[in-house]
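First the structure, in the form of structure tokens, and then the observations on it.
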Amino acid sequence: MPDVHSLVNDFVNQLKKRKIEGSQATAKQAAELLRSVISQQRVPQTNQATALINAVRAVGEKLIAANPVELAVGNIVRRVLHIIREEDLSLATAAIAGLELSPGSDDEDDVERDDYPVLSAAAVAAAARSTLRPPSLQTLLEDTPISAANPHTSSSGGDSEGKSRSVDKSSRGRKLKHDVIEAVNELIQDISTCYEQIAEQAVEHIHQNEVILTLGSSKTVLEFLCAAKEKKRSFKVFVAEGAPRYQGHLLAKELASRGLQTTVITDSAVFAMISRVNMVIVGAHAVMANGGIIAPVGLNMVALAAERHAVPFVVLAGSHKLCPLYPHNPEVLLNELRSPSELLDFGEFSDCMDSASGGGSLHVVNPTFDYVPPKLVSLFITDTGGHNPSYMYRLIADYYSADDLVVKRRPATGS
Amino acid sequence: MDPPRRAPRTIIDPVPKFRQVGFFAPGAPPERSQSGPPDPTHSSPPIPNTSAASLSPVMIPPPRHLSDNLIIHARPSVASPRRAESINVGGSNCDAPVSPAPSSSYSSRFAVGGDRSFFDGKGNNVGKVVASSFPRGGFDLTAMKVNANVVVPASELTTVSVVNDSLGIPEKEKANKGGGSAGEVKDHPNSKQQKPKPTKAERRALQEAQRAAKAAAKGEGNKASGPTTSVNAKPAKAVKPAQKVDNTAVAASEKKGGDCPPEKDRKKDAPQPRMQYDDQSRVEKAKRRSVVKQTEARNRVELFRHLPQYEHGSQLPDLEAKFFDLYPVHPAVYKVGLQYLSGDISGGNDRCIAMLQAFQEAIKDYKVPPEKSLGRDLTAKISSYVSFLIECRPLSISMGNAIRFIKSQIAKLPLTLSESEAKTSLQSDIERFISEKIILANKVIVKHAVTKIRDGDVLLTYGSSLAVEMILLHAHELGKQFRVVIVDSRPKLRGQHLLRRLVEKGLNCTYTHINAVSYIMHEVTRVFLGAASVLSNGTVYSRVGTASVAMVAHASRVPVIVCCEAYKFHERVQLDSICSNELGDPDVISNVPGREDVKYLDGWANIENLQLLNLIYDAMPSDYVSMIVTDYGMVPPTSVPVIVREYGREQVWI
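From first to last, the protein sequence lines are chains W and G.
Going letter by letter, the first sequence gives residues 1 to 415 in the UniProt record's numbering.
Going letter by letter, the second sequence gives residues 1 to 654 in the UniProt record's numbering.
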């Protein structure tokens, strides 16, 4: 236990000090941390899923508070919660399937479901099916109305406990934890391979002699472009340097070393060059549920320029960047101001500060992120394929359960 | 621009002297020009002041007549009181007596300051001098015109003022000048004949301008008030006023003769196609002639083959070494060329002034070779200087305009003039160009633009523009409460210089880089931008990044105000920033000063496939521009071609 605590604290500190760069690394570390939290969590005999959920939530809350702007952490926490719920549900359905074979022992269920006396196990199964599988016509037909089905799914954690008790307690407890850890491992796997899955689609989007513009540096973009290059497509890339971090230099060097025709331009030249560009491909920091993106600073300008010249603005994002929240005033609330020293040398301007007492004042604004509204985005390419901005909310709904949107513990759930 | 407009112009080839553009009273009779009482000395029609003050929001009056009128106004002793009264109906008090010149004058300082002291890199004193001279009534005449919603060619006014203010001019010279305007008198019957019957094309042009003017008027609002203290307190220039009077008179009368250029000339006036650097043979030819040894850059950007891409940094020491053995280029020009090359002089106005002053020097030392005419030989000489300067750094459009001015002045020199007279005349012409087209124009722009600043505004500017700086400082001096956001971009970081100057003056500043412009734009209420040139399709050609800033402002519904002197307007059109541009040294992109951690691109030249592109300018589409503030007033971008047409010909250049 102390082991986990120190791990959590370490990670929180790193987040607070902004030591971890890139949402992919953050997501991966967060997932690994949560995995160890789960594995160390002692599972009680009853209410195992709730216990796990509460433990993850407690840690998740801390992590999110450490760096609220790093949305990937919150995403991962929510996804792990979702995994726990899903695993629990699938165990429940498995249990019910077992119950149906021996229908004598479900008296407990009848007690719980007084309101739906006729369909006890079948209703649970149907509800479970509807959440786990895409809705088919059959499920729609045989199912109870959705309003009735919903309470089942949401409270499935609770009442499945009841059933599990009756089936076999000890083995199931271990099984849930085991399944959850398996699933989290899969998630980690997904995060680290999302590049490849996105890059696989490169050939479908980049054709011969294309001119592509990007800003700053993103590993996803690098892999995407290189994947197209490996498929013998030859095209040119303009890289805007992405002040004040100048990651574009890095990307350009990498691209050139892999044999792509690369031209570095200043950020100010984006508007001048965009008229000769066929496609803008950028990475994002986070994708919001409305289809807007939180992206490195400067991308809003690029997106506007692309819109002006009707150049497709394509955003590459791994699924760990999909955030189920809707942004409100994201330019300010989901942003971070970095050190002025990246823009102005304090030593040079210290005398101005002196004279500032006479009335003039000097502020330096150095934001980290830009918000690009969904109407400026033409296409999202995620590891599951290409999507429209207007579809993102649905895609996101696949990854998260509605209960977890607010990670903060509600006082009632603890019981 | 469009064929239907151009074609008829050839028909009415003797272009009427009196081309009117703008608003006229519905009842303003065409014979207004005759309504003025016959005056033996000034029979020119009265300035459309009466009509202008009452109704026209924006008016682009024909320059010559205006100037005549001002002579009348500004010389109370000559003008009869009755006449002054009649003109003064509109309530604009142009006839205020000439006030003694304020002690500090832009131009006289300029003359003293010598090389590039005025618009020098710090530019600090510039703003101060100019701004501080305002309260004392810097150029109220023009400002007052503005208040009466009349756009006035500053150039004309100031010419006159020079004459007027030199109070010491003996009567004889005044008579001389009278002769000058008498020369114009002769011409008026001509204009009167054509006046009452505007052709279809004229009417059409008029309509178009009216439409444009209406838009401008809307921006203008109604600021009909505005006390004026004096007429043109511009102090006397030390340089030979008598000479100048003579010249203008002569030049004016000369112009009269050839005022309507035949079709062939008109065609010649169309801008020459630029040198395309992907044209092998021409590049070879140019290279053989050139003084500066250029080596082709290694990693050239394919898209910009048509622009010169040379190695930077190698020419300067080479040229410096040759400083003493290069007789064809005058040392002053040579020095300016080196300064361009090293980047010591940058910024449109500074470069233009430096060049003009170098030419002044060169003309001063010029000797006409035996059996050659001054006109031809000097033009050739200037051309060779210009091509040298181009080798150092491609000309800006404003410099092109200035060169065109000099050449036309040389061509206009009467053959009767002796060599020394011709030289002094040219020198004073250049002097006048600097003071009126650049310095005074900036003052007028400040006067106009400052009315657009209100208390509580947050003004955004990009890079460092002289006009914008002067506007901000003047508004600050007027006690307006506002905040300035300075957006800057690599690699030049000129905004830092501006920031320093503004903060030292006590303004509240916020500094950020261009990527953050969408972040900061939410709090901004107005965007003030400078421009390197405004092209006749309304495209604003300016420091790279300006277009991005304007675009973001446009997207956030923030008005974009472009401040640009009219001498930078050009009849060329351009749709993108690629066809014609200037490429800077790519090396400055790879190293980021002050950031030791950013060293990813060291040795980039050895990496195959990697190019660095350092664009200098970009072209901002006209729909981002809410308003262009120029010395002829505040106009929408659609009015630029009108100004170019009305004033772009030689007559603008006084």
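Every residue gets a Cβ at the ideal spot worked out from N, C-alpha and C, and that includes glycine.
As the structure is a computational prediction, the values presented were derived from the model and not from experiment.
Which residue or residues does DSSP assign as beta-bridge partners of residue i?
i, result
"leucine 478 of chain G", "Paired residue(s): none; leucine 478 of chain G is not in a bridge."
"residue 656 of chain G", "Outside the displayed span of chain G (1 to 654) sits residue 656 of chain G, for which this structure offers no information."
"valine 562 of chain G", "G:Leu529, G:Ile628"
"threonine 263 of chain W", "W:Phe238, G:Gln611"
"methionine 279 of chain W", "W:Ile212"
"valine 364 of chain W", "G:Tyr511"
"serine 296 of chain W", "A quick correction: the sequence has proline, not serine, at residue 296 of chain W. Answer is W:Phe369."
"serine 465 of chain G", "Answer by DSSP bridge pairing: none, since serine 465 of chain G is not bridged."
"alanine 286 of chain W", "W:Ile294"
Out of curiosity, what's the CA-to-CA distance linking residue i and residue j?
i, j, result
"aspartate 576 of chain G", "serine 23 of chain W", "37 Å"
"isoleucine 445 of chain G", "isoleucine 471 of chain G", "8 Å"
"serine 192 of chain W", "glycine 343 of chain G", "49 Å"
"isoleucine 382 of chain G", "phenylalanine 359 of chain G", "8 Å"
"valine 237 of chain W", "valine 211 of chain W", "6 Å"
"aspartate 3 of chain W", "asparagine 13 of chain W", "16 Å"
"lysine 16 of chain W", "proline 68 of chain W", "9 Å"
"isoleucine 396 of chain W", "valine 287 of chain W", "10 Å"
"serine 234 of chain W", "leucine 344 of chain W", "40 Å"
"valine 629 of chain G", "asparagine 335 of chain W", "36 Å"
"arginine 258 of chain W", "cysteine 226 of chain W", "7 Å"
"glutamate 241 of chain W", "glutamine 247 of chain W", "6 Å"
"valine 277 of chain W", "histidine 205 of chain W", "14 Å"
"asparagine 300 of chain W", "glycine 74 of chain W", "24 Å"
"leucine 613 of chain G", "serine 590 of chain G", "10 Å"
"asparagine 209 of chain W", "glutamate 200 of chain W", "19 Å"
"histidine 82 of chain W", "aspartate 455 of chain G", "54 Å"
"glycine 292 of chain W", "leucine 316 of chain W", "13 Å"
"glutamate 419 of chain G", "alanine 380 of chain G", "16 Å"
"leucine 466 of chain G", "valine 297 of chain W", "29 Å"
Does the Cβ of residue i have 16 or more other Cβ atoms within 10 Å, making it buried, or fewer, making it exposed?
i, result
"proline 317 of chain G", "exposed"
"asparagine 442 of chain G", "buried"
"glycine 347 of chain W", "exposed"
"proline 636 of chain G", "buried"
"valine 21 of chain G", "Caution applies to valine 21 of chain G, whose pLDDT of 49 falls short of 50 and renders its modelled position unreliable; the value that the coordinates give is listed next. That one is buried."
"leucine 99 of chain W", "buried"
"lysine 568 of chain G", "buried"
"lysine 505 of chain G", "buried"
"leucine 415 of chain G", "exposed"
"asparagine 606 of chain G", "exposed"
"aspartate 404 of chain W", "buried"
"proline 273 of chain G", "exposed"
"histidine 330 of chain G", "buried"
"glycine 579 of chain G", "Going by the sequence as given, residue 579 of chain G is cysteine instead of glycine. By the 10 Å Cβ count, cysteine 579 of chain G comes out exposed."
"lysine 253 of chain W", "buried"
"proline 330 of chain W", "buried"
"asparagine 515 of chain G", "buried"
"valine 549 of chain G", "buried"
"glycine 448 of chain G", "For the record, residue 448 of chain G in the displayed sequence is histidine; it is not glycine. It is buried - the Cβ of histidine 448 of chain G has at least 16 other Cβ atoms within 10 Å."
"glycine 283 of chain W", "buried"
Beta-carbon of residue i versus every beta-carbon of chain A: anything under 7 Å?
i, result
"histidine 249 of chain W", "Of the protein chains in this structure, namely W and G, none is chain A."
If the cut-off is 9 Å on Cβ atoms, which residues from the segment 552-584 of chain G count as contacting chain W, listed in chain order? Val552, His554, Ala555, Leu575, Asp576, Ser577, Ile578, Asn581
With 7 Å as the limit, tell me which residues of the segment 475-495 of chain G have their beta carbon closer than that to any beta carbon of chain W; keep them in chain order. Ser489, Arg490, Pro491
Write down every uninterrupted run of the alpha helix (DSSP H) in the segment 43-68 of chain W whose length is 4 residues or greater and which is fully enclosed by it, in chain order. 48-66
Going along the segment 392-409 of chain W in order, which residues come within less than 7 Å of chain G, judged by CB to CB distance? none
Name, going along the chain, the residues of the segment 606-633 of chain G whose beta-carbon falls closer than 9 Å to a beta-carbon of chain W. Ile607, Glu608, Asn609, Leu610, Gln611, Leu612, Leu613, Asn614, Leu615, Tyr617, Asp618, Ala619, Met620, Pro621
Under 8 Å, CB to CB, which of the residues in the segment 503-527 of chain G have a partner in chain W? Val503, Glu504, Lys505, Gly506, Leu507, Asn508, Cys509, Thr510, Tyr511, Thr512, His513, Ile514, Asn515, Ala516, Val517, Ser518, Tyr519, Ile520, His522
Under 9 Å, CB to CB, which of the residues in the segment 262-282 of chain W have a partner in chain G? Thr262, Thr263, Val264, Ile265, Thr266, Asp267, Ser268, Ala269, Val270, Phe271, Ala272, Met273, Ser275, Arg276
Got a sec: which bits of the segment 385-407 of chain G sit with their beta carbon under 8 Å from any beta carbon on chain W, in order along the chain? none
Taking a Cβ distance cut-off of 7 Å, strictly less, list which residues of the segment 424-449 of chain G are near chain W, in chain order. none
Output the residue ranges of the alpha helix (DSSP H) runs that lie fully inside the segment 303-386 of chain G and measure 4 residues or longer, sorted by chain position. 315-321, 331-342, 348-364
May I ask you to list, following chain order, the residues of the segment 286-317 of chain W that have a beta carbon less than 7 Å from some beta carbon of chain G? Val297, Gly298, Asn300, Met301, Leu304, Ala305, Arg308
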